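In this text, residue positions in the sequence shown follow our numbering: the first is 1, and each later residue adds one.
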Amino acid sequence: MNIAETYPNEVKAIFAKYPVKRSAVMPLLYLAQRKDGFITKDGMAEIASMLKLDVTEVASIVGFYSMYHDEKAGKYRMQVCNDLPCALRGADKFLEALCTNLGVKVGETTPDGLLTVEAVMCLAACDKAPMFQLQENDKVTYHENMTVDKTMELIEALKKAQEVKA
């Protein structure tokens with residue numbers, strides 16, 4: 001995918017906001033990820049070229065932030081915060097029980113391709129753990145004070161919504 005050709009107006013608007021070109025890296029990455037839910041190596045190379053950066057610099061940003069992805073995953077990414085404050089509120093046990101219920105390990109995608117479960121550090125809701133963010137391409141929703149039962153109900157609702165769309 002050629003980002004500049006696919007999203008010419010958005011790219012132009014991004015560059016208008018950022019007079020120092022390299023500052024546009026994050027919104028360009030977000031744009032590159034919009035279509036497929038992840039950023040290809042070619043997408044990173046294109047962004048690096050547009051901003052006159054090394055591909056490694058762009059890839060390091062993708063690797064650092066939990067909102068960017070360099071691999072295909074399920075339709076939804078469920079990112080469970082399990083850093084120390086969240087773990088103290090039961091996030092590790094929540095994540096383990098959730099994965100058991102789904103029949104996957106952390107980092108895996110459910111057999112139906114609907115959901116990839118990931119562990120991430122700090123989603124800024126330590127007092128509301130267990131919590132997770134649910135990503136679907138360019139949409140993110142936060143779910144706080146969750147239980148495995150409430151989460152499984154949410155997943156069932158996502159499945160039903162997909163069936164309706166199909």
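All C-beta atoms in this analysis are idealised placements derived from N, C-alpha and C, irrespective of residue type, glycine included. Keep in mind that this is a model prediction, so the values were computed, not measured.
Quick one: give me the first and last residue of the beta strand (DSSP E) that residue i is part of.
i, result
"Y76", "Y76 to C81"
"E167", "Coverage of the chain is limited to positions 1 through 166, which leaves residue 167 absent and any answer about it impossible."
Note the first and the last residue of the continuous alpha helix (DSSP H) segment covering residue i.
i, result
"E5", "I3 to T6"
"E46", "K41 to L51"
"V142", "The question names Val, yet the displayed sequence has Tyr at residue 142. Y142 -> not in any alpha helix (DSSP H); beta strand (DSSP E) instead, spanning K139 to H143."
"L95", "A91 to L102"
"E108", "Element bounds for E108: n/a, residue is neither H nor E."
"P85", "L84 to L88"
"M146", "Careful: M146 lies outside any alpha helix (DSSP H) and carries neither H nor E."
With a Cβ-Cβ cutoff of 8 angstroms, do residue i and residue j count as a contact?
i, j, result
"A91", "V80", "yes"
"V58", "D70", "no"
"I3", "I47", "yes"
"M146", "F132", "yes"
"K52", "L114", "no"
"E144", "K165", "no"
Whose CA, out of the options, lies closest to the CA of residue i?
i, options, result
"V148", "L98, A13 and E71", "L98"
"F38", "L102, T110, A124 and Y65", "Y65"
"P27", "M67, T100 and N2", "M67"
"E153", "L102, N137, A59 and K21", "L102"
"A32", "K52, V20 and E5", "E5"
"L84", "V106, D54, P130 and V117", "P130"
"L123", "L114, T110, Y142 and K105", "Y142"
"P8", "M50, D36 and T110", "M50"
"R77", "T116, E144, I155 and V140", "T116"
For residue i, which residues does DSSP report across the bridge?
i, result
"L123", "Answer is none; L123 lacks a bridge partner."
"F15", "Per DSSP, none; premise fails for F15."
"Q33", "Q33 is not bridged to any residue."
Return helix, strand or coil for residue i, following the three-state DSSP convention.
i, result
"F38", "coil"
"L115", "strand"
"E71", "coil"
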